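> 1 is the number of the first residue of the sequence shown in our numbering; add one for each residue after it. For every residue, glycine included, the Cβ atom is placed at its ideal position computed from N, Cα and C. This structure is a prediction, so every number in the text was calculated from the model and none was measured.
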Amino acid sequence: MDRAALTRNIVIAMVAGLVIGSIIHALELNPEGWFLAGVINGFFDSVGQIFIRSLKLLVVPLVFFSLACGASNLSDGGSMGRIGLKTMGLYMLTTAVAISLALLVAIAVDPGRGIDMAAPSDFTARQSPGLKEVFVNIFPTNPIAAMAEGNMLQVIVFAILIGVAINKVGEAGVRVRQSLLDWNEVVMSLILMLMMIAPFGVFALMITLFSKMGFSTILDLAKYFFTVVAVLLLHFTGTFSVLMKFVARLSPLTFYRKMAPVMAYAFSTSSSNATMPVTLETVRKRIGVKNEVASFTVPLGATINMDGTAIMQGVATVFIAGAFNIEIGVVGYLTVIATATLASIGTAGVPGVGLITLALVLEQVGLPVEGIALIIGVDRLLDMMRTAVNVTGDATVSAIVGRSENAFDDAVFEER
Ligand code: ASP
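1. Does the structure place the region 160 to 179 close enough to the region 297 to 315 that three or more beta carbon pairs sit under 8 Å?
2. Beta carbon of Thr357, beta carbon of Ala343: below 8 Å?
3. Consult DSSP for Val289 and reduce its assignment to one of helix, strand or coil.
4. Within 10 angstroms of the Cβ of Ala146, are there 16 or more other Cβ atoms? Answer buried if so, exposed if not.
5. Under the rule that 16 or more other beta-carbon atoms within 10 Å means buried, what is Phe319, buried or exposed?
6. I'd like to know whether the C-beta atoms of Ile40 and Thr208 end up nearer to each other than 8 Å.
7. Name the residue from Gly78, Gly393, Val365 whose alpha carbon lies nearest to the alpha carbon of Leu233.
8. Under 8 Å, do Met92 and Thr303 count as touching if we go by C-beta distance?
9. Should Thr237 go down as buried or exposed, given a rule of 16 or more other Cβ atoms within 10 Å for buried?
10. Any heavy atom of the ligand ASP inside 7 Å of the beta-carbon of Val353?
11. By how many angstroms is the C-alpha of Ser22 removed from the C-alpha of Val157?
12. Suppose you measure from the CA of Met306 to the CA of Val389; what does that come to, to the nearest Å?
13. Can you give me the Cβ contacts of Ala71 inside the same chain, cut-off strictly under 7 Å, excluding the 5 residues immediately before and after it?
14. Using 8 Å as the threshold, is the C-beta distance between Thr94 and Val397 below it?
15. Grouping DSSP H, G and I as helix and E and B as strand, with all else coil, what is Phe65?
16. Alpha carbon to alpha carbon, how far is Phe35 from Asp45?
17. Hey, how far is the Cα of Val293 from the Cα of Val283?
18. My guess is that Leu67 and Ile400 are in contact by the Cβ rule of under 8 Å, so how many angstroms apart are they, rounded?
19. Could you check whether Val412 and Lys430 sit closer than 8 Å to each other, using their CB atoms as the reference points?
20. Roughly how far, in whole angstroms, is the beta-carbon of Pro111 from the beta-carbon of Tyr224, given that I think they are within contact range, below 8 Å?
21. Which residues in the same chain as Gln154 place their Cβ atom closer than 8 Å to its Cβ, once the five residues preceding and following it in sequence are excluded?
22. Given that a residue counts as buried once 16 or more other Cβ atoms are within 10 Å of its Cβ, and exposed if not, what is Asn30?
23. Which partner residues does Phe408 have in the DSSP bridge list?
24. Would you verify that the beta carbon of Ala222 is, or is not, closer than 8 Å to some beta carbon of chain D?
25. If I follow the unbroken alpha helix (DSSP H) through Phe210, where does it start and stop?
26. Any chance the CB of Phe35 is under 7 Å from a heavy atom of the ligand COA?
27. Roughly how many angstroms lie between the CA atoms of Leu190 and Asp182, to the nearest whole one?
28. Is the region 329 to 340 in contact with the region 359 to 372, if contact means three or more CB pairs nearer than 8 Å?
29. Would the C-beta of Asn390 count as close to the ligand ASP, meaning under 7 Å from any of its heavy atoms?
30. If I measure Cβ to Cβ from Val228 and keep anything under 7 Å in the same chain, skipping five residues before and after, which residues do I get?
31. Which one of Gly288, Ile372, Met213 has the shortest CA to CA distance from Ser404?
32. Where does Asp2 sit, in a helix, a strand or coil, going by DSSP?
33. Any chance the region 369 to 386 sits against the region 252 to 259, with 3 or more Cβ pairs inside 8 Å?
34. Please tell me whether, using a cut-off of 7 Å, the distance from the CB of Asn151 to the nearest non-hydrogen atom of the ligand ASP is below it.
35. Determine contact between the region 57 to 66 and the region 209 to 216, defined as no fewer than three beta-carbon pairs at a distance below 8 Å.
36. For Leu6 versus Pro261, is the C-beta distance shorter than 8 Å?
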């Protein structure tokens with residue numbers, strides 16, 4: 001199957017799963033009945049879970065092999081440092097822009113006004129890690145443990161160290177690099193195999209999710225929900241297009257077209273981490289960023305760059321402040337920008353993690369963490385949308401860094 005057909009099929013599968021799932025939900029079938037219990041929760045749920053597990057399976061080997069190869073291809077430690085700084089800087093900058101947009105729009109809309117706070121809340125926040133802990137934890141003590149736990153930042157650090165060391169050992173390094181390159185090809189071919197069956201996986205995930213998802217909570221929280229969606233769209237079509245057009249100097253439309261299947265994966269898995277193999281494949285083979293840059297920027301982005309999540313957090317903060325009638329003032333908002341930008345570092349891109357870091361943001365500005373109970377009802381759907389924005393941000397920054405490092409293949413980008 002060619003790429004265009006595959007893209008089309010993935011998007012069709014996503015929409016079909018969403019529509020059929022929603023119809024099933026609207027029919028209010030008996031949850032114990034054979035259809036919901038057997039077909040949806042039994043069959044489709046299993047297919048969906050196996051699909052996500054297979055994607056996750058590829059994450060660690062892919063990051064290790066591609067990044068060790070990538071780092072070993074860079075002529076000196078200086079270029080690695082430069083790429084690292086640029087990437088980190090751009091990730092922080094785009095996240096700060098995202099959350100500032102969210103705050104501006106949310107303050108104008110004031111979605112929390114008139115909320116009846118007598119509503120009982122039974123939410124207890126999970127503890128989010130402190131910043132010092134996050135920083136120290138980037139450095140692995142045991143590479144196998146890091147891989148076994150799927151600790152992406154630690155795997156990234158280990159792979160870079162191996163790559164840099166390969167460069168320093170002459171003949172032996174050449175041999176090791178060759179075998180890593182071969183392994184990299186093998187893992188990439190596994191990703192292609194998985195992409196071939198992706199329409200089934202995506203359909204299964206969507207039909208299972210939407211047959212359970214009630215939309216009535218959206219109506220109760222319409223103002224909050226649609227404010228988040230509006231800012232997500234604004235950042236997606238505004239910030240990313242401006243960056244693509246004026247900084248990367250590439251056509252935003254071509255970029256979005258090529259990113260469509262990646263967004264469908266992100267939407268249906270709600271996980272930047274699980275989507276990472278597909279993001280990396282697309283950024284390399286369809287957008288044209290060379291491996292030495294993409295193998296670093298994409299896994300790092302899947303872990304630390306969450307523009308969509310920051311947008312939800314910005315709107316949620318204003319919403320909760322409004323609902324509890326608490327003024328947090330300009331300093332409070334600046335604190336929100338700083339905390340939300342930093343909080344995304346060190347929290348993996350997995351479903352629902354944004355709500356956990358939101359607790360940290362709320363605490364920083366003295367808002368009641370129980371406020372999260374107010375928005376939890378619509379978070380699942382927002383999680384899907386913001387994850388699509390998160391992965392598009394990773395690809396945007398990868399393209400900019402790739403172009404600025406002369407690690408970009410224009411011919412690949414121009415291909416249909
Ligand atoms: N699910 C998001 C991601 O993986 C994180 C979040 O916002 O909860 O990127």
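Based on what the coordinates show:
1. Judged by Cβ distances under 8 Å, the region 297 to 315 makes no contact with the region 160 to 179, as fewer than three pairs qualify.
2. Here residue 357 is taken as the residue at index 357 of the sequence shown, counted from 1. Here residue 343 is taken as the residue at index 343 of the sequence shown, counted from 1. Using a Cβ distance threshold of 8 Å, Thr357 and Ala343 count as a contacting pair.
3. The residue you call residue 289 lines up with position 289 of the sequence shown. Correct three-state label for Val289: strand.
4. Mapped onto the sequence shown, residue 146 falls at position 146. Buried is the call here.
5. Here residue 319 refers to the residue found at position 319 when the sequence shown is read from its first residue. Buried is the call here.
6. Mapped onto the sequence shown, residue 40 falls at position 40. Mapped onto the sequence shown, residue 208 falls at position 208. A distance below 8 Å separates the beta carbons of Ile40 and Thr208.
7. Translated into positions along the sequence shown, residue 233 becomes position 233. Cα-wise, what sits closest to Leu233 is Gly393.
8. Here residue 92 refers to the residue found at position 92 of the sequence shown. Here residue 303 refers to the residue found at position 303 of the sequence shown. Going by C-beta atoms, Met92 is not nearer than 8 Å to Thr303.
9. Here residue 237 corresponds to residue number 237 of the sequence shown, with the count starting at 1. Thr237 should be labelled exposed.
10. Mapped onto the sequence shown, residue 353 falls at position 353. Under cutoff, so the answer is yes.
11. For the purposes of this step, residue 157 is taken as residue 157 along the sequence shown, with counting starting at 1. For the purposes of this step, residue 22 is taken as residue 22 along the sequence shown, with counting starting at 1. Going by the C-alpha atoms only, they are around 43 Å apart.
12. Taking the first residue of the sequence shown as 1, we reach residue 306 at position 306. Taking the first residue of the sequence shown as 1, we reach residue 389 at position 389. Distance between the alpha carbons of Met306 and Val389: 8 Å.
13. Taking the sequence shown and counting its residues from 1, one reaches residue 71 at position 71. Same-chain partners within the cutoff: Met80, Ala159, Ile160, Gly163, Val164.
14. Stepping through the sequence shown from its first residue, residue 94 is reached at position 94. Stepping through the sequence shown from its first residue, residue 397 is reached at position 397. Result yes, Cβ atoms of Thr94 and Val397 sit closer than 8 Å.
15. As a first step, residue 65 is located in the sequence shown; it is residue number 65 there, counting from the start. Residue state for Phe65 is assigned as helix, using DSSP reduced to three classes.
16. Position 35 of the sequence shown, counted from the start, is the residue given in the question as residue 35. Position 45 of the sequence shown, counted from the start, is the residue given in the question as residue 45. Between Phe35 and Asp45, the C-alpha separation is close to 12 Å.
17. What you label residue 293 is simply residue 293 of the sequence shown in a count that begins at 1. What you label residue 283 is simply residue 283 of the sequence shown in a count that begins at 1. Going from the Cα of Val293 to the Cα of Val283 covers about 10 Å.
18. One-based indexing of the sequence shown puts residue 67 at position 67. One-based indexing of the sequence shown puts residue 400 at position 400. The C-beta distance from Leu67 to Ile400 rounds to 19 Å, too long to meet the 8 Å contact threshold.
19. The structure shown does not extend to residue 430, since the chain is modelled only from 1 through 416, so no value can be given for it.
20. Indexing the sequence shown from 1 puts residue 111 at position 111. Indexing the sequence shown from 1 puts residue 224 at position 224. Here Pro111 really is in contact with Tyr224; their C-beta atoms are around 5 Å apart, less than 8 Å.
21. As a working mapping, residue 154 is identified with position 154 in the sequence shown. Sequence-distant Cβ neighbours of Gln154 in its own chain, meaning closer than 8 Å and more than five residues away, are Asn137, Ile138, Phe139, Pro140, Pro143, Ala146.
22. Along the sequence shown, read from residue 1 onward, the residue named residue 30 stands at position 30. Its Cβ having fewer than 16 others within 10 Å, Asn30 is exposed.
23. One-based indexing of the sequence shown puts residue 408 at position 408. The secondary-structure analysis by DSSP pairs Phe408 across a beta bridge with Val289.
24. In summary, chain D is missing from the structure at hand, where a single protein chain is found.
25. As a working note, residue 210 is residue 210 in the sequence shown. Element bounds for Phe210: 198 to 212.
26. Among the ligands in the structure shown, the ligand COA does not appear; only the ligand ASP can be found there.
27. Taking the sequence shown and counting its residues from 1, the one referred to as residue 190 is at position 190. Taking the sequence shown and counting its residues from 1, the one referred to as residue 182 is at position 182. Roughly 13 Å between the two C-alpha positions.
28. Yes: the two stretches touch, three or more of their Cβ pairs being nearer than 8 Å.
29. Numbered from its first residue, the sequence shown carries residue 390 at position 390. Within the cutoff, so yes.
30. Position 228 of the sequence shown, counted from the start, is the residue given in the question as residue 228. So the list reads Ile311, Met312, Val315, Leu382, once near-sequence residues are dropped.
31. Along the sequence shown, read from residue 1 onward, the residue named residue 404 stands at position 404. For the residues Gly288, Ile372, Met213, the minimum Cα distance to Ser404 belongs to Gly288.
32. Numbered from 1 along the sequence shown, position 2 holds the residue referred to as residue 2. When secondary structure is reduced to three states using DSSP, Asp2 falls in the coil class, being assigned neither helix nor strand.
33. The region 369 to 386, when compared against the region 252 to 259, does not touch it at the 8 Å Cβ threshold.
34. Within the sequence shown, numbered from 1, the residue matching residue 151 stands at position 151. Not a single heavy atom of the ligand ASP lies less than 7 Å from the C-beta of Asn151.
35. The way I'd put it, the region 57 to 66 doesn't touch the region 209 to 216; fewer than three beta-carbon pairs between them come closer than 8 Å.
36. As a first step, residue 6 is located in the sequence shown; it is residue number 6 there, counting from the start. As a first step, residue 261 is located in the sequence shown; it is residue number 261 there, counting from the start. Contact flag set, yes.
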